[in-house]
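Each remark here refers to the structure printed beneath this line.
Protein chains: 2
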Amino acid sequence: MDRISMFTAAAITWRERVTNANTILLVTHVNPDGDALGSLIGLMMALPQLTEATIIPVVQQPIPQYLEWVPGSEQSIALTADKPWPNPDLIITVDCASADRLGGIAPQHMHHIEHTAVIQIDHHATNTLFGVHNLVVADACATCEIITEFLPYLGITITAGIATPLLLGIMTDTQSFQIYDTSAKTLSLGASLFTAGADHARIVSKVFRSTRLEALTLASRVINAMHTHGDVVWCGVPLTWVEELNATDDESDEALHMLQRIEGPEVIMLIKQRNQGVKISLRSRNVNVASVAKKHGGGGHIHAAGINLAEHTIDSAAALLLPDLTALCTDSSPSTNHSA
Amino acid sequence: MDRISMFTAAAITWRERVTNANTILLVTHVNPDGDALGSLIGLMMALPQLTEATIIPVVQQPIPQYLEWVPGSEQSIALTADKPWPNPDLIITVDCASADRLGGIAPQHMHHIEHTAVIQIDHHATNTLFGVHNLVVADACATCEIITEFLPYLGITITAGIATPLLLGIMTDTQSFQIYDTSAKTLSLGASLFTAGADHARIVSKVFRSTRLEALTLASRVINAMHTHGDVVWCGVPLTWVEELNATDDESDEALHMLQRIEGPEVIMLIKQRNQGVKISLRSRNVNVASVAKKHGGGGHIHAAGINLAEHTIDSAAALLLPDLTALCTDSSPSTNHSA
Chain X
1 MDRISMFTAA AITWRERVTN ANTILLVTHV NPDGDALGSL IGLMMALPQL
51 TEATIIPVVQ QPIPQYLEWV PGSEQSIALT ADKPWPNPDL IITVDCASAD
101 RLGGIAPQHM HHIEHTAVIQ IDHHATNTLF GVHNLVVADA CATCEIITEF
151 LPYLGITITA GIATPLLLGI MTDTQSFQIY DTSAKTLSLG ASLFTAGADH
201 ARIVSKVFRS TRLEALTLAS RVINAMHTHG DVVWCGVPLT WVEELNATDD
251 ESDEALHMLQ RIEGPEVIML IKQRNQGVKI SLRSRNVNVA SVAKKHGGGG
301 HIHAAGINLA EHTIDSAAAL LLPDLTALCT DSSPSTNHSA
Chain B
341 MDRISMFTAA AITWRERVTN ANTILLVTHV NPDGDALGSL IGLMMALPQL
391 TEATIIPVVQ QPIPQYLEWV PGSEQSIALT ADKPWPNPDL IITVDCASAD
441 RLGGIAPQHM HHIEHTAVIQ IDHHATNTLF GVHNLVVADA CATCEIITEF
491 LPYLGITITA GIATPLLLGI MTDTQSFQIY DTSAKTLSLG ASLFTAGADH
541 ARIVSKVFRS TRLEALTLAS RVINAMHTHG DVVWCGVPLT WVEELNATDD
591 ESDEALHMLQ RIEGPEVIML IKQRNQGVKI SLRSRNVNVA SVAKKHGGGG
641 HIHAAGINLA EHTIDSAAAL LLPDLTALCT DSSPSTNHSA
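Just so you know, the sequences run in chain order X and B. Position 104 of the first sequence, counted from 1, bears residue number 104 in the working numbering, the numbering being contiguous throughout. In the working numbering, each residue carries its 1-based index in the second sequence increased by 340.
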């Protein structure tokens, strides 16, 4: 179905569900990133144009430091075990591929979700379609891209307050309009958010130009210890390095950003040591790393996927994944190289 | 004058000059960057829709490695002293603020320029208006942005071959749509280039993801030796470091890119040692570093300027410029902080 038909049909359901609700819970995925928070805050700012319902924005706390500044995010709460379930009659999930990845809701409350109407908006190809209505557009670069295009179908005017979180999500998920799925549509929708008054300067300043020196130092140490296996480049981040350099776990992603700029490698793997096991991030230029992530219990997108392995060390995780990743590059190198 | 009136008027002159010419020289500035080369190659690809004139693309050789791939750039030549002057009846200069910064033309040939009709298209606020017609749009992010908007006024259809170099120039000069001058217009024009078939994947791969490991290593060494003076952060790049690490002079710009992502500093200064003196790059978030550059014989834009100082060392250049730069931050910090 093309986007126009999809959005037209979805708008009918959304209007009915949203206008008839008394209490709406907005929820997104665990470990929220710019697109997760941007989608959620964007909708939180937008829905009052359509409904007088009480809107409760639920986000895992604390919000990552680089996103704390987003106006409206200070209204978000986590539904911890000590808080009562607010008895929403509608749950809207954004940017979340499956119900078990919803964030900011204590395990004790999770059973309520099964008994509440869920509608969702998402761009993950791996979405399990767990809602009563699922607006999933897998070729969109970001959930914020879908919301930007969808809001006018609901008769909602995009104000500056709505535009800033939506542009945040588009710019973070596209790595500033660089990922290969970026399209004319992505840029046009971005332009419309500029016109609506999105605070582009603040997004750039807070998200793309707020790296701490500690993060750069950690990244350069990680990169100096890089390993190369054919078309795969991988690095490990021992916990001791993060602690020694007074960096945070999030900040080792700086190494990932830097590695993505290196010429040559088809696949990049960053393995972060955790208190329990390791967390693995996979990035590719062309090949589908989501397939490897899925095989090992992870998920994500074609060019950006992740896996948590509770029982592994950095070296054992590398040994586990490298055969699959190098095979992936060998299988697909002749036909899919964009830069050939 | 608004852009529509400006472009309408310019189109009349351009049509007349271009259609009546027999030989057209396209020239851009010394040390060409993505916007310089993109503008020149974009026009080279576009003008045959308007004229049967011989078009000679003049670019300082060799073209920087990260731009070598641009289709059409292999046709460019430098007019070295051993080559005859091709007797153009029209010179079009792109992205060049003053005639003395034109690149790829031997000093012996430069006097010919005074006796040839020059029309120019540029976005530098410091443009000296040295042409018989000067299409200078100082609020455009890139000369390629102006050309993208202007070509339809000439009745020229933007093909994929034209779109790729133009998108290259927009993406490099805006640092991937991040500089604060990026506007809704920039994104809309970018979208139109995507639609025209610009090879976005190749631009990203070749320009933003082709950093050599040597460049990253050099950058991390430079950053580890960083100095902070109030709101100014500065680094020096001794020639010996570049040589030891098997990096190139261009590659020390990687440190500049990394420094621009650090939170906090208002002004960033990178001082590269040269065989003769030093080359200084200035970047700012808000304040006008072009004013300081100009005072010391350099030039550039409000947020990105440069100076060559033949008689200085890294330390003496820092001592010379730091008072002006810190004064700049003190003067303007209360009113112009975007991220406040």
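By construction, the Cβ of each residue, glycine as well, lies at the ideal position given by its N, Cα and C atoms.
C-beta neighbour in chain D for residue i, strict 8 angstroms
i, result
"H540(B)", "In the structure shown, chain D cannot be found, because the protein chains are X and B."
Partners in chain X for residue i, counting only beta-carbon separations shorter than 7 angstroms
i, result
"M313(B)", "Since the first and last residues shown for chain B are 341 and 680, residue 313(B) lies out of range."
"F347(B)", "Here the premise fails: no neighbours, minimum Cβ distance about 19 angstroms."
"I563(B)", "L216"
Below-8 angstroms beta-carbon distance, residue i vs any chain B residue
i, result
"E263(X)", "yes"
"G366(X)", "The question about residue 366(X) has no answer here: the residues shown for chain X are numbered 1 through 340."
"M288(X)", "The question names Met, yet the displayed sequence has Asn at residue 288(X). No, N288(X) does not count as interfacial toward chain B."
"S252(X)", "no"
"Q75(X)", "no"
"I121(X)", "no"
"V237(X)", "no"
"S333(X)", "Annotation note: pLDDT 49 at S333(X) (below 50); position unreliable, no value reported."
"S98(X)", "no"
"S39(X)", "no"
"S316(X)", "no"
"I12(X)", "no"
Partners in chain B for residue i, counting only beta-carbon separations shorter than 7 angstroms
i, result
"F194(X)", "S523, A524 and L527"
"V137(X)", "Those do not exist, as V137(X) stays about 18 angstroms from chain B at its closest Cβ, beyond 7 angstroms."
"S176(X)", "S516, F517 and Q518"
Closer than 8 angstroms to chain X by CB, residue i
i, result
"T551(B)", "yes"
"H678(B)", "Note that H678(B) has pLDDT 38, beneath the 50 cutoff, so the model's placement of it is unreliable and the number below is only indicative. For H678(B), the answer is yes, since a Cβ of chain X falls inside 8 angstroms of its Cβ."
"I367(B)", "It is worth fixing the name first, because residue 367(B) is Val in this sequence and not Ile. Taking Cβ atoms only, chain X never reaches closer than 8 angstroms to V367(B), which makes this a no."
"F548(B)", "yes"
"V410(B)", "no"
"V544(B)", "yes"
"D342(B)", "no"
"C669(B)", "no"
Cβ distance (whole Å) where residue i is taken to contact residue j below 8 angstroms
i, j, result
"R549(B)", "E591(B)", "No, R549(B) and E591(B) are not in contact; Cβ-Cβ is about 15 angstroms, not under 8 angstroms."
"I459(B)", "V367(B)", "Contact doesn't hold; Cβ gap of about 11 angstroms is too wide."
"T483(B)", "V434(B)", "6 angstroms"
"G382(B)", "I502(B)", "5 angstroms"
"H452(B)", "W425(B)", "5 angstroms"
Range covered by the alpha helix (DSSP H) that runs through residue i
i, result
"H451(B)", "M450 to E454"
"L25(X)", "No alpha helix (DSSP H) holds L25(X); the beta strand (DSSP E) holding it covers T23 to T28."
"C144(X)", "T143 to F150"
"V358(B)", "R343 to N360"
"G501(B)", "A500 to D513"
"I381(B)", "G374 to A386"
"M258(X)", "D253 to L259"
"K295(X)", "V289 to K295"
"G190(X)", "A184 to T195"
"W581(B)", "L579 to E584"
Where residue i meets chain B, residues with beta-carbon distance less than 8 angstroms
i, result
"R15(X)", "By Cβ distance, chain B contributes nothing, its closest Cβ being about 29 angstroms from R15(X), past 8 angstroms."
Proximal residues of chain X, C-beta to C-beta of residue i below 9 angstroms
i, result
"R623(B)", "Going along chain X, no residue has its Cβ under 9 angstroms from R623(B), so there is no contact; the nearest lies around 10 angstroms."
Amino acids of chain X, ordered along the chain, whose beta-carbon sits closer than 8 angstroms to that of residue i
i, result
"S631(B)", "Within 8 angstroms Cβ-Cβ: nothing; S631(B) doesn't reach chain X, min ~21 angstroms."
Any non-hydrogen atom of the ligand SAH closer than 7 angstroms to residue i Cβ
i, result
"C144(X)", "No copy of the ligand SAH appears in this structure; indeed no ligand is present at all."
Where the beta strand (DSSP E) containing residue i begins and where it ends
i, result
"R542(B)", "No beta strand (DSSP E) contains R542(B), which is instead part of the alpha helix (DSSP H) from H540 to I543."
"R283(X)", "V278 to S284"
"K206(X)", "Neither: K206(X) is in no beta strand (DSSP E) and is coded neither H nor E."
"V477(B)", "Element bounds for V477(B): n/a, residue is neither H nor E."
For the segment 294 to 309 of chain X and the segment 440 to 456 of chain B, state whether three or more C-beta atom pairs, one from each stretch, are separated by less than 8 angstroms.
With a cut-off of 8 angstroms, the segment 440 to 456 of chain B and the segment 294 to 309 of chain X do not count as touching, because too few Cβ pairs lie within range.
Does the count of Cβ pairs from the segment 531 to 541 of chain B and the segment 357 to 372 of chain B closer than 8 angstroms reach three?
Put simply, the segment 531 to 541 of chain B does not touch the segment 357 to 372 of chain B. Fewer than three CB pairs are less than 8 angstroms apart.
Quick check: the segment 255 to 274 of chain X against the segment 219 to 234 of chain X, are there 3 or more CB pairs under 8 angstroms?
Enough Cβ pairs lie closer than 8 angstroms, so yes.
Meets three-Cβ-pair contact criterion under 8 angstroms: the segment 45 to 60 of chain X and the segment 73 to 92 of chain X:
Flag = yes, the segment 45 to 60 of chain X and the segment 73 to 92 of chain X touch.
At a cut of 8 angstroms, does the segment 177 to 189 of chain X reach the segment 509 to 529 of chain B through at least three beta carbon pairs?
With the cut-off at 8 angstroms, the segment 177 to 189 of chain X and the segment 509 to 529 of chain B touch.
Counting Cβ pairs, one atom from each stretch, are 3 or more of them under 8 angstroms apart for the segment 252 to 260 of chain X and the segment 290 to 298 of chain X?
Touching, no, given that fewer than three Cβ pairs across the two stretches are closer than 8 angstroms.
Measuring CB atoms only, is the segment 41 to 53 of chain X touching the segment 155 to 163 of chain X, in the sense that at least three cross pairs come out at less than 8 angstroms?
Cβ pair count under 8 angstroms is three or more, so yes.
Examine the Cβ distances between the segment 341 to 353 of chain B and the segment 368 to 384 of chain B and report whether three or more of them are shorter than 8 angstroms.
No contact exists between the segment 341 to 353 of chain B and the segment 368 to 384 of chain B.
Pairs of beta-carbons, one from the segment 659 to 674 of chain B and one from the segment 623 to 630 of chain B, closer than 8 angstroms: are there three or more?
In this structure the segment 659 to 674 of chain B touches the segment 623 to 630 of chain B; the number of beta carbon pairs closer than 8 angstroms is three or more.
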